[in-house]
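Everything below concerns the one structure shown next.
Numbering (this note's numbering), first residue to last: 114 to 384.
Structure representation (C-alpha cells):
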C-alpha cells in the first residue's frame, strides 16, 4: 500500500516572483498564509508575470517579523522593504486572467522600485483581507475564495511526476519550474490525477482540476533564461483536451497548520 508524505511546502508571496520553501505553514481561507497576497500590475491594472518579464524570477523575497524584503539576486544591494499591512488604503480594480477584483497599492515608493527594476510602469498591490475573489464556479464546491493565484487556492504535484518528466529530458528541471504549494512522495507518476478528496494531516482538500501549463515553465528560476523545455516534452505525453497538464489544483475546507512530513490520506479516489 502506498504511503504519501508531504515533502515540500512552498509559497509565492508576490505573484510571479521567486518562491519560498517552508517547513510548515498556516492554511487560511484563501490558501497558505501570505501566498500570492501581493501582485504586480501594469498601468491598465492587469497582472504582470514571468510570461512577459522572466526577470521576476530573480527577485527574491524574505519574510521578516513585520516586513517583507525584496532583493535582486544579481545585485543584493538592490532591495526594497515594506510592511505586511502597508498600503495606501485606496482600492484599485485589478485583473487576473479576466477576473476583476480589488487591490491596494502598497506605496508609490515600492511601485517606483519595481518600475525601475522592470523598466516598465508597474505597481505593487496587496489583496484586501475582506476581498472575496471567487474560484471558478465550474470547479468550486462551496463558493471558495482565492488570492491573486491564477485561479485556485492551492496546487499539488507528486515528486514521482517530476521524476517521470526528468527521465524524458536531456537536462533535468527542478520542481520550482511548476510553482506548486505542495509536493509529496509515494505512488507512481501523476497519481495525483486520481485524487478526489484527501487529507493533508487533518485538513481536507479536493482536487478539482488538472493544472494547465504555459511558457512560464520554460523560465529557468535561477537565471531567468527561457528554453523550449520542459513544455515541449510535456506536450508529447501530457496533453489532455488540447492543454498540457501537470499537477492538480485544489480547494479545501477549514484552516490549520500543515507541516512537512504530514501524511496524505486519500478519502475518495476519482472513478
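We treat Cβ as the ideally placed atom computed from N, Cα and C, and that holds for glycine. Since the structure is predicted, the reported quantities are computational estimates derived from the model, not experimental observations.
Problem - Pairwise C-alpha distance: residue 203 and residue 273 - result: Reading the chain shown from its first residue, position 160 is the one you call residue 273. Reading the chain shown from its first residue, position 90 is the one you call residue 203. Looking at the two C-alpha atoms, the distance is approximately 45 Å.
Practice task
For the alpha helix (DSSP H) containing residue 273, list its first residue and its last residue.
Solution key: For the purposes of this step, residue 273 is taken as residue 160 along the chain shown, with counting starting at 1. Annotation: the continuous alpha helix (DSSP H) that includes residue 273 extends over 272-279.
Practice task
Could you give the DSSP three-state label for residue 349: helix, strand or coil?
Solution key: In the chain shown, counting from the first residue as 1, residue 349 sits at position 236. Here residue 349 sits in helix by DSSP.
Practice task
Tell me, to the nearest whole angstrom, how far the beta carbon of residue 318 is from that of residue 275; I am working on the premise that it is less than 8 Å.
Solution key: As a first step, residue 318 must be located in the chain shown, where it is residue number 205. As a first step, residue 275 must be located in the chain shown, where it is residue number 162. So it is not a contact: roughly 20 Å between Cβ atoms.
Handout entry: Test item: CB-CB of residue 290 and residue 353 under 8 Å
Key = Position 177 of the chain shown holds residue 290. Position 240 of the chain shown holds residue 353. At a Cβ-Cβ threshold of 8 Å, residue 290 and residue 353 do not count as neighbours.
Practice task
Classify residue 206 as buried or exposed, calling it buried when 16 or more other Cβ atoms lie within 10 Å of its own Cβ.
Solution key: As a first step, residue 206 must be located in the chain shown, where it is residue number 93. Its Cβ having fewer than 16 others within 10 Å, residue 206 is exposed.
Handout entry: Sub-8 Å separation of residue 200 and residue 146 beta-carbons
Key = Taking the first residue of the chain shown as 1, we reach residue 200 at position 87. Taking the first residue of the chain shown as 1, we reach residue 146 at position 33. Cβ atoms of residue 200 and residue 146: not closer than 8 Å.
Handout entry: Nearest neighbour of residue 144, chosen from 340, 125, 172 and 154 [CA to CA]
Key = Translated into positions along the chain shown, residue 144 becomes position 31. Nearest in C-alpha terms to residue 144, of all of 340, 125, 172 and 154, is 125.
Handout entry: 3 or more residues per run - each beta strand (DSSP E) lying fully within the region 130-161
Key = Entirely contained in the region 130-161, the beta strand (DSSP E) runs reaching 3 residues are, in chain order, 133-135, 137-141 and 151-154.
Practice task
Leaving aside the five residues before and after residue 284 along the sequence, list all residues of the same chain whose C-beta is less than 8 Å from its C-beta, in chain order.
Solution key: As a working note, residue 284 is residue 171 in the chain shown. Closer than 8 Å at Cβ, skipping near neighbours: 342.
Handout entry: Close-in-space but distant-in-sequence residues of the same chain around residue 191 (CB under 6 Å, 5 per side omitted)
Key = Within the chain shown, residue 191 is the residue found at index 78, counting from 1. Hits under 6 Å: 185.
Problem - Own chain residues within Cβ distance below 7 Å of residue 193, not counting five before or after - result: One-based indexing of the chain shown puts residue 193 at position 80. Excluding positions up to five away in sequence, the list reads 183, 223 and 226.
Handout entry: Close beta carbons around residue 369, own chain, < 8 Å, minus the five adjacent residues each side
Key = Locating residue 369 in the chain shown gives position 256, where the first residue counts as 1. 139, 140, 314, 315 and 316.
Practice task
Using beta-carbon positions only, say whether residue 148 and residue 294 come within less than 8 Å of one another.
Solution key: The count along the chain shown starts at 1 and reaches residue 148 at position 35. The count along the chain shown starts at 1 and reaches residue 294 at position 181. The criterion of a C-beta distance shorter than 8 Å is satisfied by residue 148 and residue 294.
Exercise for the section: Could you round the C-beta distance between residue 359 and residue 324 to whole angstroms and report it? I think they count as a contact, below 8 Å. Expected result: Working through the chain shown from its first residue, we reach residue 359 at position 246. Working through the chain shown from its first residue, we reach residue 324 at position 211. Yes, they are in contact, since the Cβ atoms of residue 359 and residue 324 sit about 6 Å apart, within 8 Å.
Handout entry: Candidates 322, 153, 127 and 321, of which the one nearest residue 231 by Cα
Key = For this step, residue 231 is matched to residue 118 along the chain shown. It is 153 whose Cα lies nearest to the Cα of residue 231.
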